[in-house]
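This report refers to the structure that appears directly beneath it.
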Amino acid sequence: MKIATSAYPVDWHASWADYEEKLELWVAMAAQQGAELLVFPEYAGMEASLIGEPHDAAQPDGWALSAVAAMADGINVHARLAADYGVHILAGSGPTRDFDSGKIVNRATFLSPDGRRGFQDKQILTPWERRETPLSPGRGLSAFDTDLGRISILICYDSEFPLLARALPCDVLLIPSCTDGPAGYTRVRVAGRARALEGQCVAVQSATVGATPLCPYLDENSGAGGIFGPPDSGFGTSGILADGRLDQPGWTYAEIEVDELPDYRGAAQVSVSEHWDEQLDCIQNINHRPLAVMKS
Numbered sequence: 001m002k003i004a005t006s007a008y009p010v011d012w013h014a015s016w017a018d019y020e021e022k023l024e025l026w027v028a029m030a031a032q033q034g035a036e037l038l039v040f041p042e043y044a045g046m047e048a049s050l051i052g053e054p055h056d057a058a059q060p061d062g063w064a065l066s067a068v069a070a071m072a073d074g075i076n077v078h079a080r081l082a083a084d085y086g087v088h089i090l091a092g093s094g095p096t097r098d099f100d101s102g103k104i105v106n107r108a109t110f111l112s113p114d115g116r117r118g119f120q121d122k123q124i125l126t127p128w129e130r131r132e133t134p135l136s137p138g139r140g141l142s143a144f145d146t147d148l149g150r151i152s153i154l155i156c157y158d159s160e161f162p163l164l165a166r167a168l169p170c171d172v173l174l175i176p177s178c179t180d181g182p183a184g185y186t187r188v189r190v191a192g193r194a195r196a197l198e199g200q201c202v203a204v205q206s207a208t209v210g211a212t213p214l215c216p217y218l219d220e221n222s223g224a225g226g227i228f229g230p231p232d233s234g235f236g237t238s239g240i241l242a243d244g245r246l247d248q249p250g251w252t253y254a255e256i257e258v259d260e261l262p263d264y265r266g267a268a269q270v271s272v273s274e275h276w277d278e279q280l281d282c283i284q285n286i287n288h289r290p291l292a293v294m295k296s
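Residues in the sequence shown are numbered from 1 upward in steps of one, following UniProt numbering.
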C-alpha cells in the first residue's frame, strides 16, 4: 500500500468551486503517484467555511459554528473524490455537531472509495481548546477494518497519550495534527514515533502549514508529513519511512506491506506490545529507600 500524508495549507477561497478545485488537485496529485490512502490534517476541514472575502467572526465560537454549518458539505466533496479516484481518504477534521449529544466535537471522517464512512472524535482537548473554544471531548475510540488493513485515528494531542493507542491495536495509526510552531509539531512527531514502537505499527502524521488570516484555529501553522514504523526488523534502523520538509506544502509518500506486518512483528528484536502488561507488576512494587553506603 502506498500512503500519502499531507503538509496542507488551509486557504480562503473566492467561491465553493475554487475550494473543490483545490481539493481535487491535491487528491489527483496523490492518486497519480499511486497512493491508496490519503491523510489530511486536523482542522483542515474548516476550509469548507472559508469561502468569500476573508472576514472575522465572533472568535472562536463563531468560527466553530461556521465550521459546523459547512463540514458536511466539505466531507461530501472528499467522499466524491474518494470514489472518483478510487482512494481511501482521511478528511481534515473540524468542529462537528454530534448527533447524539448535541455537543460540538473535533471530528475526523474516514472515507472509502465504495462510499463507506467512519469517524473519530478528538478525545483529550488541549489547554487552548478547553480555554478558548466551545469544543467538547469525543466519546469513545474506533478501529476500522478496511481493504487496506486495520486503521485507527488519534487526532493530534490524543497521540501523546499511550493508553489511547494501546486500546487501538492496528496496522496503521493516522495522526492528523495542527500545531502553531516547531515545538508542537515535534511533540506530535515524537508521540507518533513512540506509538509506532509500542504498537509495532505504522504511524502517519499529517500537518497544517502556513497561516490562515483571521481564523484563530489556523492563524499560525508549522509542521510536516511523516510516516514512521518501529526502529526494528523490517523498518530500518531509524524507523523513519518518510519525512517531509518542515513547513513545505505537499505530499509525503511511503510504501508499506500491510500483509507482511505480522512477519515483521514476529521477527522483531523487541516486543513492547507483547510485554506491555509486565509494567503493571513493576509499578506495584515501588520502593522508596534512602541512599546507603554499600560494602564493597
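Don't be surprised by glycine CBs; every beta carbon is placed ideally from N, CA and C. Small disclaimer: the values here were computed from a predicted structure and weren't measured.
Query - Own chain, CB closer than 7 Å to ASP56, minus 5 neighbours either side, in chain order - result: LEU214
Requested in this report: Please classify PRO282: is it buried, with 16 or more other beta-carbons within 10 angstroms of its beta-carbon, or exposed?
Outcome: Per the sequence shown, residue 282 should be read as Cys rather than Pro. Label assigned to CYS282: exposed.
Requested in this report: Leaving aside the five residues before and after ARG187 along the sequence, list all residues of the same chain whose C-beta is less than 7 Å from its C-beta, in chain order.
Outcome: GLU160
Query - Any C-beta of chain C under 8 Å from that of HIS78 - result: Absent here is chain C; the protein component of the structure consists of one chain.
Report task. Keeping to the same chain, check which residues put their C-beta closer than 8 Å to that of ARG116; ignore five residues upstream and five downstream. Result -> none
Requested in this report: Measuring alpha carbon to alpha carbon, tell me which of LEU38, PRO290, HIS275 ends up nearest LEU90.
Outcome: The shortest C-alpha separation from LEU90 is found at LEU38.
Query - Distance, LEU261 Cα to VAL105 Cα - result: Taken atom to atom, the span from the alpha-carbon of VAL105 to that of LEU261 is near 33 Å.
Query raised in the report: Where DSSP assigns a beta bridge to TYR8, which residues make up the other side?
Result: THR208
Query raised in the report: For ASN221, which residues of its own chain have a beta-carbon under 6 Å away from its beta-carbon, when the five flanking residues on both sides are left out?
Result: THR208, VAL209, GLY210
Requested in this report: Answer with buried or exposed for residue 307, where buried requires no fewer than 16 other C-beta atoms within 10 angstroms of its C-beta.
Outcome: There is simply no residue 307 to check, as the chain begins at 1 and stops at 296 in what is shown.
Query raised in the report: In whole angstroms, what is the alpha-carbon distance linking residue 308 and GLN32?
Result: Residue 308 lies beyond the residue range present for the chain, which begins at 1 and ends at 296; the question has no answer from this structure.
Report task. Reducing DSSP to helix, strand and coil, say where PRO169 ends up. Result -> Residue state, collapsed to three classes: coil.
Query raised in the report: Can you list, in chain order, the stretches of the beta strand (DSSP E) that have 3 or more residues and sit fully within the region 213–288?
Result: Listed in chain order, the complete beta strand (DSSP E) runs (minimum 3 residues) inside the region 213–288 are 226–228, 240–243, 250–255.
**Report entry** Entirely enclosed alpha helix (DSSP H) segments - the region 127–163, minimum 4 residues
**Finding:** 127–132
Query - Presumed contact (8 Å Cβ cut-off) between ASP121 and ARG150, rounded CB distance - result: Not confirmed; about 19 Å, so no contact.
Report task. Say whether the region 69–84 touches the region 96–114, bearing in mind that this needs 3 or more beta-carbon pairs closer than 8 Å, one atom from each stretch. Result -> yes
Query raised in the report: For the putative contact between VAL202 and ILE155, defined by C-beta atoms under 8 Å, what is the C-beta separation to the nearest angstrom?
Result: Going by Cβ atoms, the distance from VAL202 to ILE155 rounds to 17 Å, so no, they are not a contact pair.
Requested in this report: Compare the beta carbon distance of PHE40 and SER6 with 8 Å and say whether it is the shorter of the two.
Outcome: yes
**Report entry** Same chain only: Cβ atoms within 6 Å of LEU168, ignoring 5 sequence neighbours per side
**Finding:** Within its own chain, the residues whose Cβ lies closer than 6 Å to the Cβ of LEU168, once the five positions on either side in sequence are excluded, are LEU141, ALA143, SER152, listed in chain order.
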